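Read in order, the letters of the sequence shown correspond to residues 445 to 800 in my numbering.
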Amino acid sequence: MGNFSDVSKILIGWYEIHQRVLPWRNTDDPYKIWISEVILQQTRVVQGLDYYKRFIGRFPDIDALAAADEQEVLKYWQGLGYYSRARNLHEAARYLKQLHGGKFPADYKTIRSLKGVGDYTAAAIVSFAYNMPYPVVDGNVLRFLSRLFAIDDPIDLPKGKAFFTALAGDIMDELRPGLFNQAIMEFGALQCTPSSPACGQCPFLSVCLAYATDKVSDYPVKIKKLQVGNRYLYYFHIHYQDYVYLKKREGKGIWQNLYEFPMIESEFAMTFEELIRHKNFRELFPSADISKFKLVIQDKKHTLTHLTLYADFFEVTINEESESLLKVRKIRQNAVDEFPTHRLMQLYWETITKKT
Ligand code: SF4
445 MGNFSDVSKI LIGWYEIHQR VLPWRNTDDP YKIWISEVIL QQTRVVQGLD YYKRFIGRFP
505 DIDALAAADE QEVLKYWQGL GYYSRARNLH EAARYLKQLH GGKFPADYKT IRSLKGVGDY
565 TAAAIVSFAY NMPYPVVDGN VLRFLSRLFA IDDPIDLPKG KAFFTALAGD IMDELRPGLF
625 NQAIMEFGAL QCTPSSPACG QCPFLSVCLA YATDKVSDYP VKIKKLQVGN RYLYYFHIHY
685 QDYVYLKKRE GKGIWQNLYE FPMIESEFAM TFEELIRHKN FRELFPSADI SKFKLVIQDK
745 KHTLTHLTLY ADFFEVTINE ESESLLKVRK IRQNAVDEFP THRLMQLYWE TITKKT
């Protein structure tokens with residue numbers, strides 16, 4: 445393979461032989477392409493086919509869809525799930541009827557702004573209907589490209605997505621963008637499949653980097669798979685006289701510069717018995733009466749990109765401050781609202797203020 449244009453030629457050549465015959469492929473009507481793409485957003489081709497035919501049979505154009513009752517539109521969608529797709533189609537059709545005289549727009553920006561239309565769907569419509577050079581980047585495309593070039597950028601992060609979109613744009617056959625887009629998606633769907641790609645009969649076999657390094661199943665890389673796992677946070681809402689304690693999160697980690705109660709972080713879930721034996725606990729509460737700890741919130745789950753957090757919140761009143769607490773900022777309880785806090789702290793705060 446000499447360069448990117450070879451990739452494009454091979455894909456189109458493969459597509460001309462192997463493509464499935466699908467009704468939305470024989471048309472350049474943007475309305476029909478739009479409907480088919482929205483159906484296929486969360487539905488497999490085999491299941492979507494009948495729905496597409498029935499939907500187009502009843503609502504053949506923007507005028508028909510815009511004039512219909514929402515209830516009827518939903519009826520035609522029944523069984524497909526994700527009903528907001530049908531509602532968005534209907535709303536967008538009414539918008540196009542009112543503001544564009546029922547004519548489907550012919551520019552990417554306007555199409556992208558329609559309800560329920562994201563980057564992928566907009567690129568599919570303009571490339572299939574108007575042959576505009578916008579790369580479509582769906583799961584099939586991401587999988588194929590990440591394997592062919594052994595790209596480690598996670599596909600589920602915006603940066604990774606942007607990288608793959610640019611790469612697909614570089615490879616794209618500029619004269620035949622619509623055909624190229626169909627070809628690359630179909631290739632991922634039929635040949636370079638998720639669990640059993642047909643590498644033995646693949647036209648890219650001799651140049652595929654994932655295949656050469658025996659790492660086909662490692663691609664595409666997803667950040668979710670890279671998750672370091674769970675973290676367990678044990679927060680202490682400590683009352684001392686009229687005060688409570690808040691600590692600012694330092695460093696580059698999550699919630700940088702936000703305030704929170706003193707806490708103990710662990711890679712493992714701890715029972716209360718384990719918690720009180722923890723070194724940091726003993727430093728925070730060297731002489732505390734254990735029976736005074738009240739568990740206010742348990743196992744509050746908070747999901748971040750890399751990590752799932754589970755937080756427990758304890759409330760306790762102490763009679764004397766430990767050395768460790770002397771290093772923490774002490775503020776009046778009614779001043780807590782003045783400090784920026786993170787989501788978990790806010791949830792806790794909402795819980796206790798509701799109770800009081
Ligand atoms: S050789 Fe296998 S992994 Fe590589 S592009 Fe072909 S089907 Fe996909």
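Where a beta carbon is used, it is the ideal one built from N, C-alpha and C, also for glycine.
None of the values given here were measured: they were computed from a predicted structure.
Give a yes or no on whether the C-beta atoms belonging to residue i and residue j are separated by under 9 Å.
i, j, result
"phenylalanine 757", "phenylalanine 680", "yes"
"serine 571", "asparagine 625", "yes"
"arginine 675", "leucine 769", "no"
"valine 451", "phenylalanine 607", "no"
"leucine 592", "valine 517", "no"
"leucine 677", "alanine 755", "yes"
"tyrosine 687", "isoleucine 796", "no"
"threonine 761", "isoleucine 682", "yes"
"isoleucine 483", "glycine 492", "yes"
"glutamine 486", "glycine 523", "no"
"lysine 559", "alanine 511", "no"
"isoleucine 741", "tyrosine 689", "no"
"tyrosine 520", "arginine 498", "yes"
"glutamate 711", "glycine 673", "yes"
"alanine 568", "glutamate 481", "yes"
"valine 489", "alanine 642", "no"
"proline 664", "proline 598", "yes"
"leucine 753", "histidine 746", "yes"
"glycine 622", "alanine 566", "no"
"isoleucine 698", "leucine 748", "yes"
"histidine 727", "methionine 789", "Strictly speaking, residue 727 in this sequence is glutamate, with histidine absent from that position. In this structure, methionine 789 does not lie closer than 9 Å to glutamate 727 by Cβ."
"aspartate 551", "threonine 609", "no"
Please classify residue i: does DSSP put it in a helix, a strand, or coil?
i, result
"glutamine 742", "strand"
"phenylalanine 548", "coil"
"lysine 559", "coil"
"aspartate 494", "helix"
"leucine 518", "helix"
"asparagine 532", "helix"
"threonine 554", "helix"
"arginine 464", "coil"
"arginine 502", "helix"
"glycine 523", "coil"
"arginine 488", "coil"
"leucine 574", "For the record, residue 574 in the displayed sequence is tyrosine; it is not leucine. Helix."
"leucine 543", "helix"
"alanine 512", "coil"
"valine 585", "helix"
"aspartate 472", "coil"
"valine 580", "coil"
"phenylalanine 593", "coil"
"proline 598", "coil"
In the DSSP assignment, what residue or residues form a beta bridge with residue i?
i, result
"glycine 673", "Leu751"
Tell me whether residue i, by its Cβ, gets closer than 8 Å to a heavy atom of the ligand SAH.
i, result
"valine 660", "Absence of the ligand SAH from the depicted structure is noted, with the ligand SF4 being the only ligands included."
Are the segment 586-602 and the segment 633-648 touching, with three or more C-beta to C-beta distances below 8 Å?
-> yes
Length-filtered (4 minimum) alpha helix (DSSP H) runs lying within the segment 750-798 | Complete alpha helix (DSSP H) runs here, min 4: 767-770.
Could I get the ranges of all uninterrupted beta strand (DSSP E) runs contained in the segment 672-742, with 3 residues as the minimum, in chain order?
-> Listed in chain order, the beta strand (DSSP E) runs fully inside the segment 672-742 are 673-683, 687-692, 707-710, counting runs of at least 3 residues.
Touching by the beta-carbon criterion (3+ pairs, under 8 Å), the segment 713-724 and the segment 683-703 | Because the criterion of three Cβ pairs below 8 Å is not met, the segment 713-724 and the segment 683-703 do not touch.
Three or more C-beta pairs below 8 Å linking the segment 461-470 and the segment 649-663 | no
Only counting runs of 4 or more residues, tell me where the alpha helix (DSSP H) segments fall wholly within the segment 605-682, in order along the chain.
-> 621-634, 653-656
Answer yes if the segment 779-791 comes into contact with the segment 759-768, meaning at least three C-beta pairs across the two stretches below 8 Å, and no otherwise.
-> no
Is there contact here, the segment 607-622 with the segment 575-583, by at least three beta-carbon pairs under 8 Å?
-> Between the segment 607-622 and the segment 575-583, the count of C-beta pairs closer than 8 Å reaches three or more; the two stretches touch.
Decide if the segment 544-556 is in contact with the segment 516-533; the criterion is three or more beta carbon pairs, one per stretch, under 8 Å apart.
-> no
Is the segment 472-482 close to the segment 495-509, with three or more CB pairs under 8 Å?
-> yes
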